[in-house]
Structure formats: structure tokens, C-alpha cells
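Numbering (this note's numbering), first residue to last: 4 to 592. Below: the structure, in C-alpha cells.
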Ligand SMILES: Nc1ncnc2c1ncn2[C@@H]1O[C@H](COP(=O)(O)OP(=O)(O)OP(=O)(O)O)[C@@H](O)[C@H]1O
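Laid out in C-alpha cells, this is it:
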């Protein structure tokens with residue numbers, strides 16, 4: 004029952020992704036089901052005719068039916084084999100993009116949850132390593148195909164003796180049990196191998212990842228890497244060698260069973276011929292029918308067992324597919340927000356699955372055009388504050404308001420239009436600089452250049468042969484450029500500026516910049532943010548001097564708040580201590 008629901012859900016999903024794929028498979032199945040009958044029935048007619056009246060016209064007709072019929076089914080089935088292959092190819096791309104958009108659209112909090120990562124790992128393993136989706140579609144088709152064939156062959160054999168069907172059933176069931184055992188062993192071993200496969204894959208990717216080259220060499224990590232790879236490879240080999248030994252045994256026994264069945268059927272038919280109960284033609288027909296019947300029955304049962312086994316994998320896929328995306332469709336649009344005052348009202352937050360609060364009773368108001376600098380020790384909750392403001396997470400309690408409206412009630416996509424963010428771990432895409440920076444509809448080349456200039460990238464740009472049409476990284480374009488950390492950071496800042504949103508959020512925006520570039524960014528900060536609200540996190544406290552207010556975070560709370568001039572005067576304050584420690588370090592040098 005559970006499996007049939009799962010399969011219904013699954014086939015519906017496949018059909019909705021690619022109706023043509025399912026229809027082609029069904030047609031191909033019908034042809035495969037009809038094809039064997041011609042070679043079972045017509046040879047009997049030919050042999051009987053040869054042994055009897057030898058009517059040439061009839062013989063010619065039977066021969067023509069046999070040859071043309073086979074040719075017809077051969078051509079049709081090759082046509083459909085190709086069609087199914089093409090359908091499979093197309094379907095696999097559709098599935099890739101379906102899964103891709105599923106991952107991209109997932110709520111951010113799920114992206115960071117370990118149980119979701121684990122589920123994704125298992126679901127993707129089933130799809131990509133075990134081909135579970137394709138196998139389920141094929142097994143479903145095989146079940147229909149074999150059912151049709153079995154009905155026809157069963158009818159033919161029942162004319163001879165219904166008992167023969169029972170003998171065939173018994174032997175096929177024994178083989179099916181062996182197959183079930185093989186599938187179980189396979190499932191258990193594949194589950195056991197998930198961890199080792201993942202770990203082995205990680206080390207293989209690591210050894211092939213040139214960006215790790217420096218660390219691997221300088222810390223002489225290669226021997227450890229190879230040892231780890233060998234360890235996981237040995238584990239996998241141990242698992243798979245048991246798997247192959249066990250499945251090999253099962254295959255051997257099932258082959259013996261098939262031979263026993265052949266002997267029984269042939270002996271029975273021979274006795275019948277000798278007793279002149281059936282003709283030689285019927286002997287061939289029944290022998291062929293019995294062989295095809297047991298083959299079809301075995302394929303049917305195997306497909307049935309396989310589909311049940313696959314359901315175990317598909318369950319993970321379905322769970323992954325069913326992960327809900329929160330409704331982010333608030334009632335307000337960006338245009339409804341006239342005032343960009345940001346207010347955190349007694350906001351507390353604990354990461355999902357964690358008991359301790361990362362942010363505790365945060366209350367702060369940031370007025371439009373204000374420049375707020377957020378400082379604090381590592382792990383104090385600064386980035387988490389930004390994650391809440393950017394709605395990657397929702398507060399556990401308390402509210403965040405923009406212009407008096409709870410940000411939850413603003414349509415998500417519209418809300419994001421109001422923010423330009425550069426995260427510490429920003430990512431640029433392997434497109435051209437122009438494409439990366441075209442983040443606002445209708446943005447002109449001139450604007451892109453201007454923002455790159457403001458972010459301090461003008462000199463770097465001059466050196467690029469293709470200018471703003473230079474590809475970033477080499478993944479897609481071989482002539483692409485691997486920019487340095489600082490250059491990439493400047494492009495990321497320019498991207499945020501190109502978005503031209505009323506609120507600019509910069510998390511460690513200058514961490515990779517050289518002192519001169521950093522100085523230039525700070526000097527032109529006012530020009531950079533053009534009177535917009537700006538929130539930035541920085542460990543370089545000199546940057547706080549041009550901010551209007553500073554919020555000092557400690558253990559998830561705002562412990563100090565005010566302009567630089569006031570906070571620095573309080574000699575015991577955390578801010579003054581941090582500022583002076585950094586200043587002293589520079590002065591002493
Ligand atoms: N996804 C997460 N799941 C669970 N805990 C997290 C997650 N992200 C961060 N934390 C924890 O929350 C706390 C605050 O982290 P956060 O990144 O906000 O600090 P921060 O002040 O920005 O630190 P830094 O100055 O080092 O960047 C840390 O203890 C961190 O381990």
C-alpha cells in the first residue's frame with residue numbers, strides 16, 4: 004500500500020516532467036509483449052504442414068508471415084529502443100534541472116541542516132549512482148509487458164496441461180526468491196557503502212582539485228590523503244567483494260534451476276509426442292511457449308521485486324522532493340515601503356536544532372541613510388544578525404520591521420530588491436563580469452564601469468583584453484581569468500552597488516583588499532553608498548570612524564552602541580579595548 008502510493012507519486016512526477024517519455028515506453032512495451040508470439044505459433048504451423056499435407060501455398064504464406072512479421076517487429080522495436088534512449092536522455096536533463104531548481108529554491112535554513120544534507124546525499128545517490136528513477140520506469144514497463152505476454156502464453160500452455168504451468172511457477176518462484184535475496188544484499192551493501200563512497204569521493208575530488216595544491220604541498224598532506232583514500236577504497240572493496248560473491252552464488256543456483264525446468268518440460272513433451280498425443284509442430288510450440296513463459300514470469304517477478312526494492316530508495320527521493328518551501332508571499336510589495344527605517348524589536352534566534360540562542364533580545368533601530376558598523380569578537384553573532392535581516396532565517400522570537408512593516412509580510416523577491424549584500428563568503432559565477440554585474444533590469448555598460456571604478460577595480464579592468472566581457476574563472480570559458488581574492492572582492496562590491504538598492508549590507512567587505520585599496524574604499528565610502536542605509540561588519544576598526552553608529556556584539560547581545568567618539572571615550576568598554584589594541588599594534592610597529 005505504502006509502495007503503491009509512492010509509485011503513483013513517482014510516476015505522476017515523471018509524467019509531469021516528460022509525458023512523451025512515459026508514452027514512448029508504453030508503446031515500446033506493447034511491441035515487446037506481442038513480438039514473441041509469432042515465433043511460437045508460426046513455426047508450429049510450418050512444421051505441422053511439413054509433416055502433413057505439405058501445401059506449398061500455405062507453407063509460403065506461413066514463411067512470409069514469419070519473416071515479414073519478425074522484420075516488422077524488429078524494425079519497430081529498434082525504432083522504439085532509440086526513441087526510448089532519446090527520451091531517457093531528455094528526461095535525465097529534465098530531472099537534473101528539476102533537482103537543480105529544487106536545491107536553489109530550498110529555504111536557506113534547510114541548506115545548512117545536516118539531516119537535509121544527508122537526505123539529499125541519499126536521494127542523489129539513488130538517482131545518480133543507482134539509476135533508481137530510470138530503473139523504476141523500466142521495471143514498471145516490464146511488469147506490464149510481461150503480464151500481457153504471460154496471459155497469452157498461459158493460455159497456450161493451459162491447452163496442453165495446466166499442471167505444466169504449476170511446475171514452471173514453482174521453479175520460477177524459487178529463482179525469484181534468489182533474486183529477492185540478491186536485491187536485499189545489494190540494498191544493504193549499498194546503504195553500508197554510502198558513507199565510504201562519500202568519503203572516498205571527497206578525497207578523490209580533493210586530489211584532483213588544483214586549488215588545494217598549495218595547502219596539500221605545504222602541509223605535506225599527500226601521504227595522509229592517499230592513506231585515507233586507500234582506507235575508504237579498502238572498505239568499499241570489502242563491501243563489494245561480499246556483494247559479488249553472494250550474488251554470484253545466487254545466480255549460479257538459479258541457472259541450475261532453469262536447466263532442471265528445461266529437462267522436465269522437454270521430457271514431458273517427448274513422452275506426449277511418443278504417445279502420439281501431440282504433433283512435432285506442437286512439441287516445438289509448447290517447448291517455445293514453456294521457455295518464454297518461465298522467462299516472462301521470472302522477468303515479471305524480478306521486475307516486481309526490483310520495483311519494491313527501488314521503493315526504499317525512492318522513499319528518500321520523495322522525502323527530499325516533498326521538502327516544503329516556506330510561503331514567502333507577503334502582502335506588501337517593495338513600492339509599499341516608503342520609509343527604510345530598519346527596526347529589530349527584541350529579536351532572539353537559535354539555529355534550527357540548537358538549544359542555545361545565538362542572538363539574544365536584540366533591539367536596534369537604523370534610520371534611513373545611517374551608516375552602522377557592527378563589530379565584535381569572533382562568533383559574537385554579527386553574521387547571524389545579517390542572515391536574519393536578509394531573511395535567510397526567521398527570528399525565533401521578536402520582529403524585524405522595515406518602515407514599520409514586519410519584513411515577513413513583504414513579498415520575498417520584492418524585499419530582496421531592497422537589499423544589496425556582500426557576504427564574507429560571496430560567490431561570483433563563471434560568467435563574464437558584465438553578466439555578473441547585470442543585477443538590475445536595464446543597467447547600462449556605463450553604470451557597470453562606474454561601479455567597478457568605485458569599488459577600486461578600474462586599474463585591473465584596464466589590463467583585461469576583453470574588458471567587462473572577460474569571463475570570471477575558467478569553468479565555461481577557457482580564456483576566463485582566475486581573479487585574486489581582492490580583485491574578486493572588488494567585483495563583488497561593484498555587483499552590490501550595481502543593484503542600487505536603498506540598503507547596502509557588507510559583511511567584511513575589505514578583508515581581502517590590500518591596504519591602499521582598503522583605504523580608497525573607506526575614503527570613498529560615502530560616494531560608494533550614496534546616502535543609502537549602510538550596515539557593515541568589519542574587524543578593521545579604523546572603518547568604524549566614518550560610520551554614524553557602532554553596535555558592539557558580544558555573546559549574541561548588543562553590549563555597546565553609539566558613535567565612535569562616545570564609545571572610544573569609555574576606556575573600559577569592549578569597543579575601546581578592541582580599538583586601542585588594534586591601534587597599538589600598528590603604532591608599535
Ligand atoms: N548554520 C549554523 N548552524 C549552527 N550554528 C551556527 C551556524 N552558523 C553560525 N553558527 C554559530 O553561531 C555563532 C555566531 O556565528 P556568526 O557567524 O554569526 O558570528 P560572527 O560574529 O559573524 O563571527 P566572525 O567574526 O567569526 O565572522 C557561532 O557560535 C557559530 O558557530
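Ideal Cβ positions, reconstructed from N, Cα and C, are used throughout, including at glycine.
Does residue i pass the burial test, meaning 16 or more other C-beta atoms within 10 Å, or should it be called exposed?
{"i": "residue 352", "result": "buried"}
{"i": "residue 289", "result": "buried"}
{"i": "residue 240", "result": "exposed"}
{"i": "residue 546", "result": "buried"}
{"i": "residue 327", "result": "exposed"}
{"i": "residue 314", "result": "buried"}
{"i": "residue 586", "result": "exposed"}
{"i": "residue 525", "result": "buried"}
{"i": "residue 459", "result": "buried"}
{"i": "residue 295", "result": "buried"}
{"i": "residue 89", "result": "exposed"}
{"i": "residue 573", "result": "exposed"}
{"i": "residue 578", "result": "buried"}
{"i": "residue 118", "result": "exposed"}
{"i": "residue 498", "result": "buried"}
Does DSSP put residue i in a helix, in a strand, or in coil?
{"i": "residue 480", "result": "coil"}
{"i": "residue 593", "result": "Outside the displayed range of the chain (4 to 592) lies residue 593, so it cannot be described from this structure."}
{"i": "residue 553", "result": "strand"}
{"i": "residue 320", "result": "helix"}
{"i": "residue 347", "result": "strand"}
{"i": "residue 95", "result": "helix"}
{"i": "residue 342", "result": "coil"}
{"i": "residue 13", "result": "helix"}
{"i": "residue 474", "result": "strand"}
{"i": "residue 362", "result": "strand"}
{"i": "residue 409", "result": "strand"}
{"i": "residue 442", "result": "coil"}
{"i": "residue 336", "result": "coil"}
{"i": "residue 90", "result": "helix"}
{"i": "residue 138", "result": "helix"}
{"i": "residue 561", "result": "strand"}
{"i": "residue 566", "result": "coil"}
{"i": "residue 395", "result": "coil"}
{"i": "residue 416", "result": "helix"}
Rounded to whole angstroms, how far is the Cβ of residue i from the Cβ of residue j, which I believe are closer than 8 Å?
{"i": "residue 431", "j": "residue 300", "result": "Contact doesn't hold; Cβ gap of about 58 Å is too wide."}
{"i": "residue 303", "j": "residue 150", "result": "7 Å"}
{"i": "residue 305", "j": "residue 257", "result": "Actually they do not touch by this definition, with Cβ atoms about 10 Å apart."}
{"i": "residue 476", "j": "residue 483", "result": "5 Å"}
{"i": "residue 403", "j": "residue 391", "result": "6 Å"}
{"i": "residue 42", "j": "residue 291", "result": "7 Å"}
{"i": "residue 387", "j": "residue 361", "result": "5 Å"}
{"i": "residue 478", "j": "residue 433", "result": "4 Å"}
{"i": "residue 125", "j": "residue 277", "result": "Not quite, the Cβ-Cβ distance comes to about 59 Å (not below 8 Å), so this is no contact."}
{"i": "residue 260", "j": "residue 188", "result": "So it is not a contact: roughly 19 Å between Cβ atoms."}
{"i": "residue 79", "j": "residue 34", "result": "5 Å"}
{"i": "residue 516", "j": "residue 559", "result": "Actually they are not in contact, since the Cβ atoms of residue 516 and residue 559 sit about 29 Å apart, beyond 8 Å."}
{"i": "residue 531", "j": "residue 457", "result": "5 Å"}
Please name the residue or residues paired with residue i in a DSSP beta bridge.
{"i": "residue 537", "result": "374, 507"}
{"i": "residue 456", "result": "Answer is none; residue 456 lacks a bridge partner."}
{"i": "residue 402", "result": "348"}
{"i": "residue 423", "result": "507"}
{"i": "residue 617", "result": "Only positions 4 to 592 of the chain appear in the structure, and residue 617 is not among them; the question remains open."}
{"i": "residue 521", "result": "Paired residues: none, contrary to the question."}
{"i": "residue 291", "result": "DSSP, once it has assigned bridges, lists no residue as partnering residue 291."}
{"i": "residue 435", "result": "474"}
{"i": "residue 379", "result": "556"}
Hey, out of the options, whose CA is closest to residue i's CA?
{"i": "residue 377", "options": "98, 101, 551, 293", "result": "551"}
{"i": "residue 293", "options": "329, 272, 523, 141", "result": "272"}
{"i": "residue 286", "options": "485, 54, 572, 204", "result": "54"}
{"i": "residue 455", "options": "415, 502, 416, 426", "result": "502"}
{"i": "residue 408", "options": "19, 159, 337, 360", "result": "337"}
{"i": "residue 264", "options": "444, 138, 298, 524", "result": "298"}
{"i": "residue 414", "options": "355, 192, 330", "result": "330"}
{"i": "residue 369", "options": "323, 535, 444", "result": "535"}
{"i": "residue 310", "options": "137, 220, 237", "result": "137"}
{"i": "residue 235", "options": "511, 198, 167", "result": "198"}
{"i": "residue 354", "options": "103, 400, 345, 344", "result": "400"}
{"i": "residue 46", "options": "113, 63, 30", "result": "63"}
{"i": "residue 566", "options": "20, 549, 321", "result": "549"}
{"i": "residue 206", "options": "184, 194, 229", "result": "229"}
Check whether the Cβ of residue i lies closer than 7 Å to any heavy atom of ligand 3, and answer yes or no.
{"i": "residue 386", "result": "The ligand content of the structure shown is limited to ligand 1, which means ligand 3 is not among them."}
So is residue i in contact with chain B if we call contact Cβ pairs under 8 Å?
{"i": "residue 259", "result": "Here chain B cannot be found, since the structure has a single protein chain."}
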